[in-house]
Amino acid sequence: MLLRRFYIQENEKAPVPKTKKSRELKTEFMPLDYSKYIASEEEFIELYGEDQLFIYRASLSASQDSAIAQPDEDDDSELSEEYDLHPKKRKMSIEVKGIELPETYAVKI
1319 MLLRRFYIQE NEKAPVPKTK KSRELKTEFM PLDYSKYIAS EEEFIELYGE
1369 DQLFIYRASL SASQDSAIAQ PDEDDDSELS EEYDLHPKKR KMSIEVKGIE
1419 LPETYAVKI
């Protein structure tokens, strides 16, 4: 143990030991989206009570805000202009121990 302590003190590149004091705990979590699990407001009230209804309504508004519009799967023309969605095959010759391989082998780049 003394040797380890000496190594850590003298060596600048020694790994920093992890202790419980330096650990950061995640205390914030994403809010639960009740609309995925509970079908209606009435069912929520039946399970949790009317005084907790503000939680259900907040989760509904948060889930609607985080909805992302999905692009059409059939129409990728706009995306293909910006990004190379359909890479081209390029022919190249490969030499292996003095043997020339034909150019019929195509490699995707």
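Numbering-wise (the working numbering), the sequence shown opens with residue 1319 and increments by one.
The C-beta atom is built at its ideal place from N, Cα and C for all residues, glycine as well.
Taking one C-beta from the region 1319-1327 and one from the region 1348-1368 each time, how about it: are there three or more such pairs within less than 8 Å?
no
How about L1378 and S1353: do their beta carbons lie closer than 7 Å?
The residue given as residue 1378 occupies position 60 in the sequence shown. The residue given as residue 1353 occupies position 35 in the sequence shown. The answer is yes: Cβ separation under 7 Å.
Where F1347 falls, given that 16 or more other Cβ within 10 Å makes a residue buried:
Along the sequence shown, one-based indexing puts residue 1347 at 29. Burial call: exposed.
Own chain, CB closer than 8 Å to P1349, minus 5 neighbours either side, in chain order:
As a working mapping, residue 1349 is identified with position 31 in the sequence shown. Cβ within range, chain order: A1376, S1377, A1380.
Near L1343, what residues of its chain come up, given a Cβ to Cβ distance below 6 Å and the 5 sequence neighbours on each side ignored?
For the purposes of this step, residue 1343 is taken as residue 25 along the sequence shown, with counting starting at 1. Taken in chain order, the list of residues that qualify is empty.
For the alpha helix (DSSP H) holding Q1327, just list the boundary residues, first then last.
Taking the sequence shown and counting its residues from 1, one reaches residue 1327 at position 9. Taken as a continuous stretch (DSSP letters only), the alpha helix (DSSP H) holding Q1327 covers 1320-1328.
Rounding to the nearest angstrom, what Cα-Cα distance links Q1388 and Q1382 in this structure?
Taking the first residue of the sequence shown as 1, we reach residue 1388 at position 70. Taking the first residue of the sequence shown as 1, we reach residue 1382 at position 64. Note that Q1388 scores 49 on pLDDT, short of 50, meaning its location in the model is unreliable; the coordinates nonetheless yield the value given after this. Rounded to the nearest angstrom, the two C-alpha atoms are 14 Å apart.
Looking at the unbroken alpha helix (DSSP H) that takes in I1363, where does it start and where does it end?
One-based indexing of the sequence shown puts residue 1363 at position 45. That run of the alpha helix (DSSP H) goes 1359-1366.
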